[in-house]
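Working notes for the structure below.
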Amino acid sequence: MKAEDVDENIVERQEKTDVETSQSLSGIGGVEVRISVEWGRADMTVEDASALSEESLIHTDRSVTDPVDVLVNGKLFARGKLVLVGDSYGVQLLEIV
Numbered sequence: 004m005k006a007e008d009v010d011e012n013i014v015e016r017q018e019k020t021d022v023e024t025s026q027s028l029s030g031i032g033g034v035e036v037r038i039s040v041e042w043g044r045a046d047m048t049v050e051d052a053s054a055l056s057e058e059s060l061i062h063t064d065r066s067v068t069d070p071v072d073v074l075v076n077g078k079l080f081a082r083g084k085l086v087l088v089g090d091s092y093g094v095q096l097l098e099i100v
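Here it is, written out as structure tokens:
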């Protein structure tokens, strides 16, 4: 078996999987899901959390340049970067996980 044969087999299997996935989702396409974006987490004690007030700063575990997590019904689905869409924020997907 040659390397190009392996590549063709992988592509064919992926195309078949894509079609199967599309067909299996056809019956549930109207079901609503919750999509949320998480750009960082912070651990703190109950004492520190209860001391939070307006204008408090919470330092998260991520840098400004790190990708954000996109969750579907609480489960990690993708990673992306924050972008401006008019006067709102959006997320440009970089990776489906």
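Letter by letter, the sequence shown follows residues 4 to 100 in the working numbering.
Using N, Cα and C, we set each Cβ at its ideal position, and we do this for glycine too.
Legend entry - Own chain partners of Glu98 with C-beta closer than 7 angstroms, once the 5 adjacent residues on each side are dropped: Excluding its 5 nearest sequence neighbours in each direction, Glu98 has C-beta neighbours in its own chain below 7 angstroms: Ala81, Arg82, listed in chain order.
Inset, instruction - Look up Glu58 in the DSSP assignment and say whether it is helix, strand or coil. - result: Reduced to three states, the DSSP call for Glu58 is coil.
Inset, instruction - Answer yes if the region 88-97 comes into contact with the region 49-61, meaning at least three C-beta pairs across the two stretches below 8 angstroms, and no otherwise. - result: No: the two stretches stay apart, fewer than three of their Cβ pairs being nearer than 8 angstroms.
Legend entry - Rounded straight-line distance, which links the Cα of Glu35 to that of Val75: Computed Cα separation, rounded: 10 angstroms.
Legend entry - Where the beta strand (DSSP E) through Ala81 begins and ends: Run containing Ala81: 78-88, per the beta strand (DSSP E) assignment.
Legend entry - Beta-carbon proximity list for Val100, same chain, < 8 angstroms, skipping 5 on both sides: Contacts found: Leu79, Phe80, Ala81, Arg82.
Inset, instruction - State buried or exposed for Asp90, treating a residue as buried only when at least 16 other CB atoms are found within 10 Å of its CB. - result: Asp90 should be labelled exposed.
Inset, instruction - Would you mind sorting Val71 into buried or exposed? The rule is 16 or more other CB atoms within 10 Å of its CB. - result: When all chains shown are included, Val71 counts as buried.
Legend entry - Close-in-space but distant-in-sequence residues of the same chain around Val86 (CB under 8 angstroms, 5 per side omitted): Closer than 8 angstroms at the Cβ level, and outside the excluded window around Val86, lie Tyr92, Gly93, Val94, Gln95.
Legend entry - 8 angstroms Cβ cutoff met for Val40 and Val73: Their beta carbons are under 8 angstroms apart, which means Val40 touches Val73 by this criterion.
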